[in-house]
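Contents: one structure, followed by commentary.
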Amino acid sequence: MRKSLLGCLMAAVSSCLASEAYVETSVLTSPHAAQAAAADEHFIYAVSSTTIAKLDRETGKELALSTGKAAHLNSAVLIDGKIYFAHSNFPFKPEQGEIRVLDLESMKLEVFHQFAEPPGSVTWALKRDGSWWCHFAGYGTEKEKSCLLRFDAEWKETGRWNYPPELMKDWGAMSLSGGVWMGDLLLATGHDKKVIYRLKVPEKGGMIEWVGTVPSPFPGQGIALDPKTGGLVGIDRARKAVIFARLEAKTAP
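Those letters in the sequence shown? Residues 4 to 256, by this note's numbering.
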C-alpha cells in the first residue's frame with residue numbers, strides 16, 4: 004500500500020517538475036495521421052485505422068497508399084526494412100489481434116502473426132533481443148486487464164507484466180496506445196494526454212515500475228523512433244499532423 008502510494012506521488016511530482024520535455028521540431032500534414040506514424044531515412048508513414056500513407060519526409064508529398072484490408076491499425080515499428088503494426092478488431096468482441104507487416108516497396112499490407120486468444124486489444128508490438136513485446140489494452144471497466152506480454156520467436160509467451168494502479172488511474176477510461184524502447188526504459192503514450200510515461204520492466208515479470216512522466220507534443224496514440232534524428236515521431240489526430248519531437252532540457256522560469 005505504502006509502495007503504491009509512494010509510486011503515485013513520485014510520478015505526479017515527476018510530471019509536474021520534469022526537467023526534460025519532448026519538444027515539437029517540425030510537422031507534416033496528412034489526412035491519414037490518425038493512429039500512429041513511423042519513419043525511415045527518406046520517408047514518413049502516416050497511419051490511420053485502415054490505411055498507411057507514404058510521405059516524402061522533406062516535402063510531405065503523398066507518394067503511395069497501402070493496399071490490403073485493415074480495420075484498426077495501431078502503433079507502427081520499423082524492423083529490417085519493413086513496418087510492423089498492431090492490428091485489432093476494436094471495439095468488437097470477442098477480441099481479435101494480429102501483427103501486420105507492410106512491404107515498403109510494394110506498399111502491400113499482410114498478416115504477419117495472429118494471436119489465438121489475445122488478453123485484450125493489441126496496441127503495440129515491439130521487437131527486442133529476439134523477443135516480441137506486445138501491449139494488450141483493456142478499456143473502461145476492463146482497464147485493469149491491460150498487460151504487457153513477451154513472446155519468443157515461436158510466439159510462446161515467456162513473460163507477463165501488469166501495470167501499477169496509480170498509472171492506470173492516470174489513463175482515465177482508456178489504456179496505453181504507443182510504446183518504444185529507449186535503452187532500458189519503455190516509453191509509452193496513452194490515448195489523449197500530452198505526456199510520455201517512462202516505465203521500467205522487471206526481468207522476470209510481475210509489476211511494471213512507473214519511474215517518471217515527461218511532457219510531449221503527442222496527444223497520445225502511436226509513437227516510433229526516428230532513425231534520422233534520434234528523436235520520436237508521432238501524430239496529432241486533431242491537427243491531422245505527423246509530429247517530429249526531440250528531448251530537451253526545460254528552461255527554468
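Just so it is clear, CB atoms sit at the ideal spot from N, CA and C, and this is done for glycine as well.
Cutting at 6 Å between CB atoms, please list the residues of its own chain near residue i, excluding the five before and the five after it.
i	result
Ser18	Confidence is the limiting factor: at Ser18 the pLDDT is only 46, short of 50, which leaves the residue's position unreliable and the question unanswerable from this model.
Leu12	For Leu12, the pLDDT reaches just 46, beneath the cut-off of 50, and the residue's location in the model is therefore unreliable, although a value from the coordinates is still provided. There are no such residues.
Ile211	Trp164, Tyr166, Leu202, Val204
Give every residue of the same chain whose Cβ lies closer than 8 Å to the Cβ of residue i, excluding the five residues on either side of it in the sequence, and list them in chain order.
i	result
Pro222	Asp195, Lys196, Lys197, Asp239, Arg240, Ala241
So the alpha helix (DSSP H) residue i belongs to, where does it begin and stop?
i	result
Asn57	In the sequence as displayed, the identity of residue 57 is Lys instead of Asn. Lys57 -> not in any alpha helix (DSSP H); beta strand (DSSP E) instead, spanning 55-59.
Asp173	168-173
Take residue i and list the residues in its own chain whose beta-carbon comes closer than 7 Å to its own, dropping the five residues that flank it on each side.
i	result
Ser134	Arg153, Phe154, Asp155, Thr161
Leu228	Val183, Leu235
Gly209	Trp164
Considering Cα atoms alone, identify which of the options is closest to residue i.
i	options	result
Asp187	Cys150, Ala227, Asp132	Asp132
Leu151	Ala128, Lys159, Glu157	Ala128
Asn77	Glu44, Gly71, Tyr87	Tyr87
Ala259	Asn165, Val245, Glu251	The requested residue 259 does not occur in the structure, where the chain is confined to residues 4 to 256.
Ala36	Ser51, Ser29, Glu157	Ser51
Pro121	Ile102, Ala40, Ala67	Ile102
Ala226	Thr126, Ser149, Glu108	The sequence given here has Ile at residue 226, not Ala. The shortest C-alpha separation from Ile226 is found at Thr126.
Arg60	Gly100, Gly71, Ser33, His75	Ser33
Leu68	Gly175, Leu105, Phe247, Arg201	Leu105
Gly71	Lys85, Met110, Glu23	Met110
Trp136	Glu206, Glu98, Gly193	Glu206
Output the boundary residues of the beta strand (DSSP E) element that contains residue i.
i	result
Pro218	212-218
Ser29	23-32
Val245	244-252
Leu66	65-68
Phe46	46-50
Tyr142	Unbroken run through Tyr142: none, as it is neither H nor E.
Taking 8 Å as the CB-CB limit, is residue i close to chain B?
i	result
Asn165	The chain labelled as chain B is not found in the depicted structure, where only one protein chain is given.
Open item on the list: At 3 residues or longer, what runs of the beta strand (DSSP E) sit wholly inside the region 103-132?
Closed with: 112-118, 124-131
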